[in-house]
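What follows is one structure encoded as structure tokens, with my remarks underneath.
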Amino acid sequence: MASIGHIVARTPSGEVLSRAQQRAMLVPDCLVEARRIANTVISGWHGRRKRGIGENFWQFRPYSEGESLSRIDWRRSARDDHTYVRDREWEAAHTIWLWADLSPSMMYKSTLGAVSKESRALVLMLALAEILARSGERIGCPGVMEPVSARNAAERLATAIMLSPLAEGLPGTSMIRGTSDLVLIGDFLDPAEKVMDRLGPLARRGLRGHVVEIADPAEEVFPYAGRTEFTDPETGEKLTAGRAEILRDDYQRAYLARRDSLGTNLRHLGWTFIPHRTDRPASEALVAVHMYLSGMPSRATHGGAL
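Right, here's the structure in full:
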């Protein structure tokens with residue numbers, strides 16, 4: 001039968017950046033601002049705005065009995081019959097670390113997928129950098145770029161990737177200190193227990209994690225039939241099946257069991273897990289991650305099968 005999938009060449013980071021910026025525009029600015037406003041009443045990270053001891057003005061609010069009279073804004077209070085207090089804003093330093101897996105298995109693209117897994121992972125990572133930078137957040141990439149707070153963080157991240165390519169496999173995290181969010185994007189095809197051996201210690205260090213599993217649709221539905229040769233992109237090992245279709249049911253059970261185990265274990269750690277297929281719009285995963293980072297998981301939309 002005709003080939004269903006193939007290994008693609010790596011995508012130039014500059015081209016991916018352009019697509020990431022376009023993808024970021026699909027998440028309306030009003031969504032970013034809406035999440036920022038929603039988080040002014042909680043101690044979330046997105047926007048980090050709440051009443052505190054900062055120097056920046058936040059809001060006027062009615063005076064409550066028992067508060068210090070020194071906090072009253074008499075000029076504002078003189079405008080009507082109410083007494084108002086001038087609240088200042090508290091901003092806590094916070095960093096979001098972004099990482100995409102570029103190991104050989106990520107180079108795969110089938111005829112069922114819109115793009116390769118590698119391309120989709122880079123688009124998501126850079127699009128997140130674009131949106132978060134516009135929100136004033138600090139963006140870093142383990143082993144590639146120290147955290148920066150700049151409007152051009154996506155461009156700087158793309159340049160850093162070109163100069164210092166992302167390492168294959170899960171990144172080192174010794175440089176990550178304090179309370180941070182870590183967004184990991186990859187296919188995570190290793191056994192769930194092996195992945196958890198790496199991620200468990202990170203959760204116990206207090207890092208908040210968000211795992212985006214990128215899958216090509218052929219990896220889920222197993223559309224192969226007849227004599228088919230399978231090649232492991234990591235080792236080059238080959239397997240030839242005389243009638244590939246007879247493997248479908250067992251394969252799908254094993255594939256979904258691995259995903260379910262990984263998702264369950266991550267959620268037990270307090271981390272989030274977002275499966276995403278490359279035949280779905282990248283904006284679906286982008287919105288889901290953004291919602292989780294904004295502290296609103298109940299409204300996040302998952303792309304792909306769960």
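First residue of the sequence shown: 1, per UniProt numbering; consecutive thereafter.
Beta carbons are placed, not taken as given, at the ideal position from N, Cα and C, and that holds for glycine.
query = Relative to the ligand HEM, is the shortest distance from any of its heavy atoms to the C-beta of A121 smaller than 6 Å?
reply = With respect to small molecules bound, the structure shown includes none, and the ligand HEM cannot be examined in it.
query = Are the beta-carbon atoms belonging to V195 and L262 less than 7 Å from one another?
reply = Within the sequence shown, the letter at position 195 stands for residue 195. Within the sequence shown, the letter at position 262 stands for residue 262. Cβ distance < 7 Å, so V195 and L262 count as in contact.
task = Please report the Cβ distance between F60 and D80, rounded to the nearest whole angstrom; I am assuming they are in contact, meaning their Cβ atoms lie under 8 Å.
result = To locate residue 60, count along the sequence shown from 1; it is residue 60. To locate residue 80, count along the sequence shown from 1; it is residue 80. Not a contact, Cβ separation roughly 11 Å.
key: Local Cβ density within 10 Å of E245, reported as buried at 16 or more and exposed below that   = Indexing the sequence shown from 1 puts residue 245 at position 245. Under this definition E245 is an exposed residue.
inquiry  = With distance defined between alpha-carbon atoms, name the residue in A153, L124, R120 and E284 nearest to R134.
reply    = As a first step, residue 134 must be located in the sequence shown, where it is residue number 134. Of the candidates A153, L124, R120 and E284, the one whose C-alpha sits nearest the C-alpha of R134 is A153.
ask   = Among residues of its own chain, excluding the 5 on either side of I139, which ones have a beta-carbon nearer than 7 Å to its beta-carbon?
value = Numbered from 1 along the sequence shown, position 139 holds the residue referred to as residue 139. For I139, where only same-chain residues beyond five positions count, the Cβ hits under 7 Å are I96, L98, A129, L132, A133, P147, V148, A153 and L157.
ask   = Could you give the residue range of the alpha helix (DSSP H) that holds E234?
value = Working through the sequence shown from its first residue, we reach residue 234 at position 234. From DSSP, E234 is part of no alpha helix (DSSP H); its letter is neither H nor E.
message = In the DSSP assignment, the beta strand (DSSP E) including G186 goes from what residue to what residue?
response = In the sequence shown, the residue the question calls residue 186 occupies position 186. First-last of the beta strand (DSSP E) with G186: S180 to G186.
query = Would you say the stretch 99 to 114 touches the stretch 268 to 281, given that touching needs at least three Cβ pairs under 8 Å?
reply = yes
request  = Sort out for me which residues DSSP pairs G209 with in a bridge.
outcome  = Counting from 1 along the sequence shown, the entry for residue 209 is found at position 209. Per DSSP, L182.
query = What number of angstroms, rounded off, separates the C-alpha of G47 from the C-alpha of S294?
reply = As a working mapping, residue 47 is identified with position 47 in the sequence shown. As a working mapping, residue 294 is identified with position 294 in the sequence shown. At G47 the pLDDT is 42, less than 50, meaning the model places this residue with poor confidence; the figure from the coordinates comes in the next sentence. Their backbone Cα atoms lie some 9 Å apart in a straight line.
message = For M106, count the other beta carbons within 10 Å of its own beta carbon; 16 or more makes it buried, fewer makes it exposed. Which is it?
response = Stepping through the sequence shown from its first residue, residue 106 is reached at position 106. Result: buried.
ask   = Do the stretch 263 to 270 and the stretch 190 to 206 meet, that is, are 3 or more Cβ pairs less than 8 Å apart?
value = By the Cβ rule, the stretch 263 to 270 counts as touching the stretch 190 to 206, because three or more pairs are nearer than 8 Å.
request  = Identify the continuous alpha helix (DSSP H) that holds R134 and give its terminal residues.
outcome  = Numbered from its first residue, the sequence shown carries residue 134 at position 134. Residues K117 to R134.
Rounded separation between V289 and P233 - CA only = Counting from one through the sequence shown, the residue named residue 289 turns up at place 289. Counting from one through the sequence shown, the residue named residue 233 turns up at place 233. Near 28 Å, if we compare the C-alpha coordinates of P233 and V289.
message = For I141 and A160, which I take to be in contact (beta-carbon distance under 8 Å), what is that distance rounded to the nearest angstrom?
response = One-based indexing of the sequence shown puts residue 141 at position 141. One-based indexing of the sequence shown puts residue 160 at position 160. Here the sequence assigns Cys to residue 141, which means Ile is not the residue at that position. That belief holds up - the Cβ atoms of C141 and A160 are roughly 7 Å apart, short of 8 Å.
ask   = Can you tell which of Y255, F230 and G236 has the C-alpha that lies nearest to the C-alpha of R243?
value = As a position in the sequence shown, residue 243 is number 243, starting the count at 1. The residue with the shortest Cα to Cα distance from R243 is F230.
task = Determine the closest residue to A218 out of Q252, A282, V287 and G186, with distance taken between C-alpha atoms.
result = Working through the sequence shown from its first residue, we reach residue 218 at position 218. Ranking the options by Cα distance to A218, first place goes to Q252.
task = With DSSP as the reference, please indicate the residues paired to F273 in a beta bridge.
result = Here the question's residue 273 lines up with position 273 in the sequence shown. V211, per the DSSP bridge assignment.
key: Rounded C-alpha distance that separates D181 from M145   = As a first step, residue 181 must be located in the sequence shown, where it is residue number 181. As a first step, residue 145 must be located in the sequence shown, where it is residue number 145. Using only the alpha carbons, I get a separation of about 15 Å.
inquiry  = Rounded to whole angstroms, what is the Cα-Cα separation between R86 and A78?
reply    = By 1-based counting over the sequence shown, the position of residue 86 is 86. By 1-based counting over the sequence shown, the position of residue 78 is 78. Each residue's Cα considered, the two are about 13 Å apart.
Close Cβ partners of W150 (< 7 Å) along its chain, the five nearest in sequence each way excluded = The residue given as residue 150 occupies position 150 in the sequence shown. Sequence check: residue 150 is Ala here, not Trp. Cβ within range, chain order: A133 and R156.
inquiry  = Counting C-beta neighbours from all protein chains within 10 Å, is the total for A257 16 or more, i.e. buried, or is it exposed?
reply    = The sequence position of residue 257 within the sequence shown is 257, counting from 1. Exposed, because fewer than 16 other Cβ atoms sit within 10 Å of the Cβ of A257.
request  = Rank T264, G236, G143 and A241 by C-alpha distance to the C-alpha of F222 and give the top, closest one.
outcome  = To locate residue 222, count along the sequence shown from 1; it is residue 222. Of the listed residues, the one whose Cα sits closest to F222 is A241.
inquiry  = So, for L170: in the same chain, excluding its five sequence neighbours on each side, which residues have a beta-carbon less than 6 Å away from its beta-carbon?
reply    = Position 170 of the sequence shown, counted from the start, is the residue given in the question as residue 170. Result list for L170: R198, in chain order.
inquiry  = Taking its Cβ as the centre, do 16 or more other Cβ atoms sit within 10 Å of I53, making it buried, or is it exposed?
reply    = What you label residue 53 is simply residue 53 of the sequence shown in a count that begins at 1. Here I53 scores only 42 on pLDDT, less than 50, and its place in the model is too uncertain to base an answer on.
query = Under a three-way DSSP split, which group does I161 fall into?
reply = Your numbering for residue 161 matches position 161 in the sequence shown. The answer is helix: DSSP assigns I161 an H, G or I state.
inquiry  = Strictly by DSSP, which residues pair up with R86?
reply    = Within the sequence shown, residue 86 is the residue found at index 86, counting from 1. Paired residues: F60.
Beta-carbon proximity of L124 to A225, cut-off 7 Å = Looking up residue 124 in the sequence shown gives position 124. Looking up residue 225 in the sequence shown gives position 225. Result no, Cβ atoms of L124 and A225 do not sit closer than 7 Å.
query = What three-state label does DSSP hand E137 in the structure shown?
reply = As a first step, residue 137 is located in the sequence shown; it is residue number 137 there, counting from the start. Looking at E137 - three-state DSSP - the assignment turns out to be coil, as it is neither helix nor strand.
query = Taking buried to mean at least 16 other C-beta atoms within 10 Å of its own C-beta, is D101 buried or exposed?
reply = Position 101 of the sequence shown holds residue 101. Buried is the call here.
task = Kindly indicate which three-state DSSP category A150 falls into: helix, strand or coil?
result = Start at 1 with the first residue of the sequence shown, and residue 150 comes out as number 150. Reduced to three states, the DSSP call for A150 is coil.
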